[in-house]
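Asks: Here the numbering used here is used: the first residue of the sequence shown is 1365, the next is one more, and so on.
Positions of the beta carbon are idealized from the N, C-alpha and C atoms, including for glycine.
None of the values given here were measured: they were computed from a predicted structure.
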Amino acid sequence: MHFRLLIFLILSILLITANSNAEEALNEVRIMEGIVQQRPPNTRQIIGKRYVWNFKGKSYTALMTIDVEKYNSYDGKERFDIPKLVEEGRTSIGNLTREFQNIFRRRSEWSERDRIDFVLSFVQSLPYTFDDVTTGYDEFRRYAIETLIDGGGDCEDTTILVAAILRGLGVETALIFTPGHIALGVSGNFTGTSVTYNGTKYYYCETTGTGFTVGELPPSFSTNVTRIVPLTPSRIAPVPQPDRTVTPIPSTFEPSPEITTPTPETPPIETTTPETQSDTKSKSRLGTAIVLIFILIALGISTVYFLHKAFKEQREY
């Protein structure tokens, strides 16, 4: 009986430890203006990535690191439900979202469209890779952190990544499915190609290729939308506080082309609201304390068990 209890406690410890490490994945992230020659460390314990891209005639550099152990923990995870992959990414790459917030503080003159286009320009700079070439599987959906560390992905992967970032910025978004392709839609005061779902207009955002902005549909892609899945906006704390708010100046334009969308077979998937950064730290400390308590209990039980067994064998002799 003691042996079974010991096994149960050990499994509980492993489960608690796994849950406590499934929150923030990226260790450090920095986004700097200009082309930075410095490269992040790349060792047996740490994976470092460096990305350079252009926006509005200026260059930007992103440096990021992640523990190899954290990256390997994504092996074997469920990859079917795209909204769940987006929600997980919103938390695991929270440090990247905060760096975008820092950029927006410094660029307070940027409009809402500029901010989304800036995020799109970063994701579009990642190389397009085919699943069967990089993973050996015909369809392999990557988590947001995997797309960053693997150095790119296909349309599903980059859409999951940009959706996770924009959700963390509080942008109202939706997944837009067309035959053989997936993109993101954003709601706001924009112009261009859009789809309307339940009274909300979502402007098309292409994540593959470069140079595509909000509402710009690549000419080669289909306008036959097969499914729309709205995603609940959830901010990553702290929320950026710009010095002044810039309201986009309305301009005269032709009505945005509307894409007729059928009613999806499955209801939109709601996601949970995020916890604040302080709640996350408190839960992490609580999880660590619980793990230590369980370890001490397990060691105590095992010690008593083996001492009792040894004493019993000695008495038999």
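My parser needs the alpha helix (DSSP H) runs of 4 or more residues fully inside the stretch 1503-1555; what are they?
Replies: Qualifying alpha helix (DSSP H) stretches, in chain order: 1508-1514 and 1519-1532.
Asks: Would residue 1534 and residue 1597 be called neighbours here (beta carbons separated by less than 8 Å)?
Replies: In contact: residue 1534 and residue 1597 (Cβ atoms closer than 8 Å).
Asks: Just confirm the distance between the C-beta atoms of residue 1460 and residue 1428, as a whole number of angstroms; I'd bet it's less than 8 Å.
Replies: That pair is a contact at about 7 Å.
Asks: Output yes or no for whether 8 Å exceeds the beta carbon distance between residue 1589 and residue 1541.
Replies: Closer than 8 Å, so yes.
Asks: Would residue 1574 and residue 1489 qualify as a contact pair, given that the criterion is a beta-carbon distance under 8 Å?
Replies: Taking 8 Å as the Cβ cut-off, residue 1574 and residue 1489 qualify as a contacting pair.
Asks: Measuring CB to CB, does residue 1425 end up less than 8 Å from residue 1416?
Replies: The answer is yes: Cβ separation under 8 Å.
Asks: In terms of residue numbering, what span does the beta strand (DSSP E) encompassing residue 1418 cover?
Replies: Counting along the chain, the beta strand (DSSP E) containing residue 1418 begins and ends at 1410-1419.
Asks: I need the boundaries of the beta strand (DSSP E) containing residue 1422, first residue and last residue.
Replies: Residue 1422 -> beta strand (DSSP E) spans 1422-1431.
Asks: Give me the Cβ distance between residue 1457 and residue 1547, rounded to the nearest whole Å; I'm assuming they're in contact under 8 Å.
Replies: No, residue 1457 and residue 1547 are not in contact; Cβ-Cβ is about 20 Å, not under 8 Å.
Asks: State the DSSP-derived secondary structure class of residue 1471, mapped to helix, strand or coil.
Replies: Looking at residue 1471 - three-state DSSP - the assignment turns out to be coil, as it is neither helix nor strand.
Asks: So which of 1396, 1671 and 1435 has the shortest CA-CA distance to residue 1410?
Replies: Out of 1396, 1671 and 1435, 1435 has the C-alpha closest to the C-alpha of residue 1410.
Asks: Less than 8 Å separating the beta-carbons of residue 1572 and residue 1492?
Replies: Result yes, Cβ atoms of residue 1572 and residue 1492 sit closer than 8 Å.
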